[in-house]
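Take 9 as the starting number for the sequence shown in this note's numbering and just add one per residue.
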Amino acid sequence: YGFINTCLKSLVVEKYGEETWEKLRLQAGVQDSFLTFEVYKDEITMQLVDKACKVLGVPADIVLREFGKYFFEFCKRSGYDHMLRTLGGNLYEFIENLDALHSYLSLSYQEMNAPSFRVEKNEDGSMHLHYYSDRRGLCHIVPGIIGAAALDFFNIEISMKIVNQTEEEERTGKKEHIVFLVTQNPLFPCKERNEFSSSSQCLVDSEKQIENQLNKEDLEKAKNANGDRGNSVCPVKKSHWKTLRGIITLGKGKLLRGFDPVYPKSLWIDTKTFCNGLPFHMVFDKELKVKQAGVSIQKIVPGIQTMGICLDQYFRIVHPEVPFTISSIQKFINSQFVFQTRREMMPESWRERPMLELRGQMMWMEPLQCMLYLCSPLLRTLHELEERQMHIADIAPHDVTRDLILLNQQRLAEMELSSQLERKKEELRILSKHLEEEKKKTEALLYAMLPQHVANQLKEGKRVEAGEFKECTILFSDVVTFTNICAQCEPIQIVLMLNSMYLRFDRLTTVHDVYKVETIGDAYMVVGGVPVPVPTHAERVANFALGMIMAAKGVQNPVSGNPIQIRVGIHTGPVLAGVVGEKMPRYCLFGDTVNIASRMESHGVPSKIHLSSSAYQCLKYKNFEITERGEIEVKGKGKMHTYFLIRNKSATENEIMGRP
9 YGFINTCLKS LVVEKYGEET WEKLRLQAGV QDSFLTFEVY KDEITMQLVD KACKVLGVPA
69 DIVLREFGKY FFEFCKRSGY DHMLRTLGGN LYEFIENLDA LHSYLSLSYQ EMNAPSFRVE
129 KNEDGSMHLH YYSDRRGLCH IVPGIIGAAA LDFFNIEISM KIVNQTEEEE RTGKKEHIVF
189 LVTQNPLFPC KERNEFSSSS QCLVDSEKQI ENQLNKEDLE KAKNANGDRG NSVCPVKKSH
249 WKTLRGIITL GKGKLLRGFD PVYPKSLWID TKTFCNGLPF HMVFDKELKV KQAGVSIQKI
309 VPGIQTMGIC LDQYFRIVHP EVPFTISSIQ KFINSQFVFQ TRREMMPESW RERPMLELRG
369 QMMWMEPLQC MLYLCSPLLR TLHELEERQM HIADIAPHDV TRDLILLNQQ RLAEMELSSQ
429 LERKKEELRI LSKHLEEEKK KTEALLYAML PQHVANQLKE GKRVEAGEFK ECTILFSDVV
489 TFTNICAQCE PIQIVLMLNS MYLRFDRLTT VHDVYKVETI GDAYMVVGGV PVPVPTHAER
549 VANFALGMIM AAKGVQNPVS GNPIQIRVGI HTGPVLAGVV GEKMPRYCLF GDTVNIASRM
609 ESHGVPSKIH LSSSAYQCLK YKNFEITERG EIEVKGKGKM HTYFLIRNKS ATENEIMGRP
């Protein structure tokens with residue numbers, strides 16, 4: 009179930025972080041989240057465990073043991089704490105009742121395939137824990153779970169080691185059989201241990217005083233009673249002492265002495281009442297021959313009325329998955345047994361019905377050499393009751409199966425609502441994730457058109473005020489003989505050429521962190537120091553310009569087939585910047601600096617970077633190689649002293665192009 013995979017995800021996220029989980033799940037090729045009541049393939053869990061070992065660099069047995077410890081805590085946090093605590097008063101009882109817990113949980117998790125446990129006590133106080141499973145290679149989870157439960161519930165530390173590992177072919181299922189040797193050490197703090205010893209000693213002393221007093225009183229009574237009957241003394245009855253001793257307690261309600269039951273000399277119940285009072289029971293001998301059966305079983309399985317027939321003709325064992333022999337049953341006598349009727353032995357008209365399952369305990373009757381099976385119908389819902397054409401009245405009033413069916417009907421309805429809610433929550437999470445991805449795409453598109461802080465202001469509905477920048481560096485470029493190329497080519501060829509060129513230039517804007525203002529036809533305009541003022545604006549634009557010249561060599565002229573040539577002009581000065589328009593708003597630059605930068609480009613030389621004197625002043629001490637062009641006549645500006653930028657003396661071509 010998804011509960012297991014969710015636990016594994018929670019462990020990885022909590023111990024190693026969200027990034028590790030993301031890496032692990034991508035390698036395993038599984039989804040990010042799991043629904044609690046949804047059934048998933050075992051391969052998903054196995055794949056996650058395998059990838060966890062590789063990603064974390066930890067052996068599988070360590071990962072599984074850690075998962076076992078965490079799974080115990082995860083179950084407690086998920087609402088199963090009280091259920092686990094009440095399984096048994098000690099570790100032996102806790103393990104012995106794990107199968108019963110799984111049996112109960114299977115009412116809700118109907119497709120659950122849980123492992124099976126059997127435990128044996130040894131004379132030295134240790135235990136042998138037998139673990140049976142259909143899933144191979146997961147046995148190391150067991151020490152993690154049992155160790156955590158022992159420490160939390162019973163304050164004992166245990167060690168578990170595998171003493172035997174076999175494949176039981178004779179079993180009908182859960183063929184992997186692992187035997188663990190469990191040794192335990194109580195964890196008593198010094199203070200508690202001293203208190204325990206002193207209180208025990210006081211209690212023993214009190215016992216002796218009470219016993220002496222009671223013995224004196226009993227002897228006195230005996231003497232008085234026998235005064236007229238000679239010297240024969242009757243044996244002293246210690247029933248008072250036994251009663252008193254039985255109620256003396258140690259610690260929190262644990263009896264100091266054992267309980268001795270009293271049995272009648274003969275059974276005060278007739279056969280008919282027994283079979284009616286326990287309508288679901290069967291007695292069978294070593295050959296599996298039925299000796300006795302409750303009335304409800306006789307009604308549901310008519311063939312049972314023929315006493316002496318073999319039980320395995322009408323039933324098969326569903327749990328534990330063992331052969332139908334008296335020796336196998338005795339071996340697992342402490343387990344709950346689930347029987348299922350055989351379809352082929354049912355009356356013809358009943359064979360379309362779902363087969364009935366019985367669940368209960370086995371009790372070996374040594375004097376009779378027979379086995380008693382006390383059971384109840386295993387029914388989860390009223391619908392299952394109807395399918396088998398049974399009624400609540402078929403179940404004895406004292407049998408809690410009545411209440412269990414009604415309660416589970418309500419619980420399953422609640423689980424279905426919970427499952428629906430979980431699915432809706434997951435759908436919302438996925439939609440939210442998709443929405444976030446689309447939002448990022450939209451923002452990326454918006455930030456490509458406008459500076460980020462400007463775009464954010466517009467999104468918030470604010471008016472963007474124009475800003476003055478005292479110093480920035482502007483670059484213009486265009487393609488040499490672009491008009492001639494357009495006249496001799498198809499429009500699509502021009503589009504492809506410009507797109508190839510602009511993609512290279514756009515990448516360089518990111519490399520050198522300059523802002524692309526706009527493109528008009530073959531003209532490309534960038535600025536450094538706007539919209540975010542930086543002192544290195546001129547160096548950034550200069551390096552970008554050098555990169556443009558190199559990048560243009562990779563773009564082919566569709567007419568001649570040779571690399572295209574571009575002119576580049578750069579000028580440094582003040583500008584005013586602001587957003588123009590509401591529909592398709594543009595971030596524009598205004599001022600004479602823009603005009604001069606444009607003139608530097610138009611008066612430039614092919615494959616050269618033309619600098620104004622102000623741009624030169626910003627770059628002359630910055631490790632660039634620059635040559636003087638001299639005075640030239642600039643349209644609208646008169647004579648101007650200009651320069652050519654040759655190269656950056658401290659940067660390689662790869663650094664300029666942003667290549668590794």
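We put the beta carbon where it would ideally sit given N, CA and C, even for glycine.
Since this is a predicted model, take the numbers as computed values, not measurements.
Look at the beta carbons and you see the stretch 449-462 not touching the stretch 576-583: under three pairs across the two are nearer than 8 angstroms. A distance below 7 angstroms between beta-carbons, with the five flanking residues on each side excluded, links T174 to the following residues of its chain, in chain order: H185. Bounds of the alpha helix (DSSP H) holding C283 are T279 to G285. Counting only runs that start and end inside the stretch 570-638, the alpha helix (DSSP H) elements of at least 4 residues fall at 600-610 and 621-627. Here I154 carries a helix assignment [DSSP, helix/strand/coil]. The residues W29, in chain order, have a CB closer than 7 angstroms to that of V21 in the same chain once the five nearest residues on each side in sequence are set aside. In summary, F282 is exposed, with fewer than 16 beta-carbon neighbours lying within 10 Å of its beta-carbon over all protein chains present. K273 counts as exposed, since fewer than 16 other C-beta atoms from the protein chains shown sit within 10 angstroms of its C-beta. Inclusion of F102 and V150 in the CB contact set at 8 angstroms is not warranted, their separation being larger than that value.
Counting only residues of its own chain and dropping the five nearest sequence neighbours on each side, P310 has a CB closer than 8 angstroms to the CB of P355.
S343 carries a coil assignment under DSSP once its states are collapsed to helix, strand and coil.
Here E434 is not near L34, since their CB atoms are 8 angstroms or more apart. Short of 8 angstroms from the beta carbon of M363, and not among the five residues preceding or following it, lie these beta carbons of its own chain, in chain order: Q348, T349, R350, R351 and M354. By the C-beta criterion, the stretch 10-19 is judged to be in contact with the stretch 37-53, since at least 3 inter-stretch pairs fall below 8 angstroms. Put simply, of Y117, E641 and Y651 the residue whose alpha carbon is nearest the alpha carbon of S622 is Y651. Secondary structure remark: continuous beta strand (DSSP E) runs of at least 3 residues inside the stretch 501-566, in chain order: 523-528 and 531-536. Exclusion of the five residues before and after A108 leaves Q344 as the residues of its chain whose Cβ lies within less than 7 angstroms of its Cβ. Within the same chain, Cβ atoms closer than 6 angstroms to the Cβ of A531 are found at D486, the five residues on either side in sequence being excluded. The continuous alpha helix (DSSP H) containing V303 extends over residues V303 to I308. Look at S274 here: in three-state DSSP terms it is coil, with no helix or strand label. Contact between F340 and R126 holds, with the beta-carbon distance rounding to 6 angstroms and staying under 8 angstroms. Look at F652 here: in three-state DSSP terms it is strand. Between the stretch 377-389 and the stretch 286-300, the count of Cβ pairs shorter than 8 angstroms is three or higher; the stretches touch. With fewer than 16 neighbouring CB atoms inside 10 Å of its own CB, A474 falls in the exposed class. Within the same chain, Cβ atoms closer than 7 angstroms to the Cβ of D40 are found at R33, the five residues on either side in sequence being excluded.
With respect to the 8 angstroms criterion, H138 and D69 are not classified as neighbours on the basis of their beta carbons. The straight-line gap separating the alpha-carbon atoms of K62 and L19 is approximately 16 angstroms. Inside the stretch 346-416, DSSP marks whole alpha helix (DSSP H) runs of 4 or more residues at positions 390-395, from first to last along the chain. Around the CB of K616, 16 or more other CB atoms lie within 10 Å, so the residue is classed as buried. Residue state for V326 is assigned as strand, using DSSP reduced to three classes. Contact between I317 and V298 holds: CB atoms are separated by about 6 angstroms, below the 8 angstroms threshold. By the neighbour-count criterion, in which a residue is buried when 16 or more other Cβ atoms sit within 10 angstroms of its Cβ, L393 is buried.
Contact between R575 and V488 holds, since their C-beta atoms are separated by about 6 angstroms, short of 8 angstroms. Here C15 carries a helix assignment [DSSP, helix/strand/coil]. Q501 has its alpha-carbon roughly 26 angstroms from the corresponding atom of F552. L653 and Y455 have their C-alpha atoms roughly 31 angstroms apart.
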